Amino acid sequence: MPLGTIALLLAASFSLGALPLTGWAVRVFSRRDLRGLGTGNVGVSAAFIHGGKLAGIAAVLAEIARGIVPVLAGRFCFPDAPAIAIALLIPLVAGRYAIARGGGVTNAVWGLLVFSPPVAVSSGIWGLLAWRLAQRWWGEGDRARLFASRCGCLCTPIWVWVWRQSLPEFLAAAGLAVLLAAINFSQGDDMALSKSEQLFSLDDSLDAAICGDKAAKLSQLKRAGFNVPAGFILSSKEEGSSATDYVTDVTDGTKKEEGRRKKEEGRRKKEEGRGEKINTEHLSIPDALIQNIKAKIPDRIIVRSSAAGEDGDLSSAAGQYQTIGPVSTQAELIDAINRCRQSYWTAEAVTYRRQRHLPDTQMAVLIQPYIDSQFAGVMFSRNPLDGGSQVIIEALPGGAEAVVGGQCTPVHLEIDFSKSESLEKQLTELKSNSIIAQSILAELVKQAQEIEAFFHGIPQDIEWSWDGKKVWILQSRPITNLQPFWTRTIAAEVIPGAIRPLTWSINRPLTCGVWGEIFQVVLGDRAIGLNFNETATLLGSHAYFNATLLGEIFRMMGLPEQGLEFLLRGQKMGKPPLGKILPNLPGLWRLVQRERALNAEFKGDRTSIFLPALQSLQKGEDSSTSLRVKREKSEEGEELAIANYQYLSELLERAEQIQEWLKPITYYNILGPIGLAIRKAIFRVSDEWLDNDSAPEIASVRALQQLAHKLRQAAVSQPDETVSVANLAQTFAETPALQADFEKWLDIYGYLSEVGTDIAVPTWREQPKIYQKLLITMAQKAETNLVEKRKIDLNFAQKWRLDKCQERAIVKNEISEIYARLLAHLRWTFLEIEACGLAMQVFQESGDIFYLEFGEIQQWIRSGASVSFQDTIRERRDRLVADRDRPIPPVVYGNLLPNSQKRSIEPATSATNIIQGIPASIGRVEGFVKICRTASTDLGENAIAVVPYTDAGWAPLLLGATAIIAEVGGQLSHGSIIAREYKIPAVMNISEATTRLRDGQKVRVDGYLGTVELLE
């Protein structure tokens, strides 16, 4: 028998056992470290308890494989010496315990099963019999389970002898059994710990389902470096149990029948919602646990509730449960813990949970040192009434309970943080009216803002205390009435600017319906109960997406917590943990399949649905009269105009049919750009590589440039000759060919508008004089910016990657064109309806129809009744005008826009004259600002265009700018694409730029850094 081979196998088995396979599995699936959780064991049971089901399954599979490998290796290398196969399990288990910190039972069981199934099965049966006997003696509990486990280990050598009758195998099995039993006695029991009283620390990563939301949030803050007092959490025995369910099997050996009786009593009391106090004799807390707590906190202690759902995202449970303190002795501590737990079952607390639809789960107890406060209070990181940019601080001398208790009137302070340059001035003014020093006020404001930022932009209700040396954070929870959160992120790109009711009544169901369909594909049955109609809303006549709903969907899809921060603050999303992504793989795969089939499906629908639809619409417009009315004489001889309701009904049917066609194209228009963005990220394709010549905003500008070049050639004899606007206009008027070319350009691109998704905005076709003037302006320049098709040298791999994205980019542009054309036809249909309404005096002026909702138009036409919308239209028009001029915040908390005053940046008065935005197109330019609220603004020469948003319709204007500043948008916005295409420096996402900057103001735009510097 080669000793070298045996030594090598023994060393290999020990090394295999030392690998932290279970620890790796838990880290991958839950990002948790078992060494710092529970007993510190890195075993299979700990993986299930602390890492979750997926981590536990992965750990089991890893340990099964680890147990089987040495046995197979031993049988393969030494087929005539089977004892070696068992002996190899000994160093494996030793390495597992000594280095990988596991027990090795799973390895041994499966190794023995491969070695000899009869031995493994017999040992298992004996273990089960021992468990039943132990249960009859000790009752159900961990003691019986541990006894059975140890018996199963120790009896294994006996069954090896019975079935194998080999002394070497018996000795090897005996050595393995003794080692397993010794490890079992020395290691802690995670399963027992998970069911008995646990003492967690705020320094640990806590599970809110076990330790409550209050403790979990404080743990996050403490580990992030905030000043949170030390704390220890006493959890209940089992989730879903009341205080009367608590039975400490490990410590007092309670009989099974008594435990069952107590559980039935607890369930009965919960069902009846009784508020009767539970007798303290039912609550058994081990003396060792109390002594441990007192050793950790020798001074005075405060006992606080930390129930599941308390301080949660949707419910605060403020004042529902008891806080007891200060307490000093062990007897007082036991009494305080019991009283705190009993408060979970008061009538008021039960009623609160019923009203908030919260389940009866458990009450954990948070135990902390008692802070002797000089003064304390609460603060809100935002105005709790409307989510405005004010930190609200309330304080009183003594503890914070005086403020939250509502028995005294605290000092009330409001600090507006929207203007950082005036913050210090505010603090100085508040100092004379406050019990709090200016430095402490500044620290509180800083803490409030940092805590809100830490919780991904969710406004926080924070309890704090000042002990004379530092500010302590005692509690932090979301301001629950400031929900849902509404964000302009994405919405500002989809449908920017102030929106009229007709546009919104059509766009909202289309957009919400498509997003709901996409989310249902991924979530499946989990989407039941989600109201996708609440995905978007109008606030201040501007579109907002529901960040609360989308954040919940993101969590259900396994996306990281930064998903909400992306919506609220526009920051990048982190990588999701694999353990959360895996359950969503079937749904994500379904979505991937849809995305992959999008090109083929769109091409089929384009041929069978969209092109015939556009042809029928064009034919219908050509054959219809602009207005069909009947003329009749009244008794007095007056001529009256009576609309042809049959024609109105035809127009209504056309509008309804267009909306049916819009449903599938809206789906493509949302999924197409998402798929392109994902492909670009996967294949690392730069925007510069993509050919955007087919994009409507690019193709239209190129065509107009070519026409301007023709116009200039017709008006001058020399290329560099100066020509006046009047001469160009005369040349255009006297050249039918140029006029025909311009009309053709309008026919091709006349469907475009400043905002392609807003049917209330006029199309280019309706404003020929504006674009004729633009044509002449472009022709006046010696260089008409004719840009030849870019040629980029790419290697074979880069070309292959580009091919994976280019076809989708072309399809995306085709989708955009059809979507915009259908919306244009819908607008023109409503204009015909409006023309009828003007003849009937239902409307008073052009544009009135867009202040009605589509349902109101349907009711008017189908009823055939004489109606008047003037009061409604006047009220909505006035509201839109007011909303158009007011600052629109990027995030709204709750359903109310915060009160805010119009802000402007005065020259050289800010602490810094540099405004940070998003870099969109590189380059650096100094120049003078021109505020452009519409695409028809006369930009002038060498001006920096400041626009509220950009869309395809803005392309001609932006082309004449030396730089672009936009209030909203990102690197994939229309303005960014145009800017990069023509190498114009651009910065996006400069909030309220059209009101903060002014015409003629000198600025420096840096498209690489994404900054706008005020030079005067």
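Residues 184 to 1199 in the numbering used here are what the sequence shown lists, from first letter to last.
We put the CB at the ideal spot given by N, CA and C, even for glycine.
All of these numbers come straight from a predicted model, not from anything done at the bench.
Other residues of its chain near V1112: CB distance less than 7 Å, five sequence neighbours each side excluded: The residues are I1127, V1129, L1180, R1181, D1182, G1183, Q1184, V1186.
Tell me the residue span of the beta strand (DSSP E) that contains T694. Counting along the chain, T694 falls outside any beta strand (DSSP E), though it belongs to the alpha helix (DSSP H) covering 684–706.
Buried or exposed by the 16-neighbour rule on C-beta atoms within 10 Å, applied to E839: exposed
Is the beta carbon of R1107 closer than 8 Å to that of G1227? Residue 1227 cannot be examined here, being either before or after the span of the chain that is shown, 184 to 1199.
Jot down the residue ranges of each uninterrupted beta strand (DSSP E) in the stretch 495–539, minimum 3 residues, whole runs only, in chain order. Uninterrupted beta strand (DSSP E) stretches at least 3 residues long and entirely within the stretch 495–539 occur at 507–510, given in chain order.
For R487, the three-state DSSP class (helix, strand or coil): Residue state, collapsed to three classes: strand.
Where does E455 fall in DSSP's three states? The predicted position of E455 is uncertain, since its pLDDT is 41 and thus under 50; a value taken from the coordinates is nonetheless stated next. It is helical.
Integer Cβ distance of C334 from W309, believed to fall under 8 Å: 7 Å
Residue range of the alpha helix (DSSP H) that N1096 falls in? Careful: N1096 lies outside any alpha helix (DSSP H) and carries neither H nor E.
Delimiting residues of the alpha helix (DSSP H) encompassing Y850: Run containing Y850: 828–866, per the alpha helix (DSSP H) assignment.
Exposure label - H540; buried when at least 16 CB within 10 Å: exposed
What is the rounded straight-line gap between the Cα of E1199 and the Cα of A674? Rounded to whole angstroms, the gap between the alpha carbons of E1199 and A674 is 33 Å.
Going by CA-CA distance only, name the one from V1025, P1131, P262, Q505 that's closest to A519. Q505
So, Y851 versus L781, is the Cβ gap smaller than 8 Å? yes
Cβ-based neighbour list, A194, same chain, cut-off 6 Å, excluding 5 preceding and 5 following: none
Tell me where the beta strand (DSSP E) around F415 begins and ends. 415–417
Three-state secondary structure (DSSP) of N716: helix
If you compare alpha carbons, which of Q955, L272, A547 is closest to F925? Q955
Consult DSSP for Q643 and reduce its assignment to one of helix, strand or coil. Three-state DSSP puts Q643 in a strand.
In three-state terms, what does DSSP make of G560? strand
Rounded separation between L835 and E949 - CA only: 21 Å
Taking all protein chains shown into account, do 16 or more other C-beta atoms lie within 10 angstroms of the C-beta of R319, making it buried, or fewer, making it exposed? exposed
On the DSSP letters alone, give me the boundaries of the alpha helix (DSSP H) that W344 sits inside. According to the DSSP assignment, W344 belongs to the alpha helix (DSSP H) that extends over 339–347.
Mind checking which residues open and close the alpha helix (DSSP H) that includes L1005? 979–1022
How would you label R487, buried or exposed, when you count the other beta carbons within 10 angstroms and need 16 or more for buried? Taking all protein chains in view, the Cβ of R487 is crowded by 16 or more other Cβ atoms within 10 Å, so the residue is classified as buried.
Can you give the Cα-Cα distance for Y1034 and S883, rounded to whole angstroms? 30 Å
Tell me H595's beta-bridge partners as DSSP assigns them. E577
Could you check which residue in T1145, A1149, V1151, I1173 has the C-alpha nearest to that of K1166? T1145
Nearest CA to the CA of F558: which residue from S564, Q525, N714, L624? L624
For I1114: DSSP bridge partner residues: V1129, per the DSSP bridge assignment.
Evaluate the contact criterion for the stretch 694–707 versus the stretch 715–728: three or more CB pairs, one atom per stretch, below 8 Å. Short answer: they touch.
Any idea if P1131 is buried or exposed, counting beta-carbon neighbours within 10 angstroms, 16 or more meaning buried? buried
DSSP state of S648, grouped into three classes? strand
Can you tell me the Cα-Cα spacing of V994 and V944, whole angstroms? 26 Å
Which same chain residues, not among the five before or five after P203, have their C-beta less than 7 Å away from its C-beta? Taken in chain order, the residues that qualify are V225, A283.
Can you tell me which residues form a DSSP beta bridge with T1194? Looking at the DSSP assignment, T1194 forms a beta bridge with Q1099, D1189.
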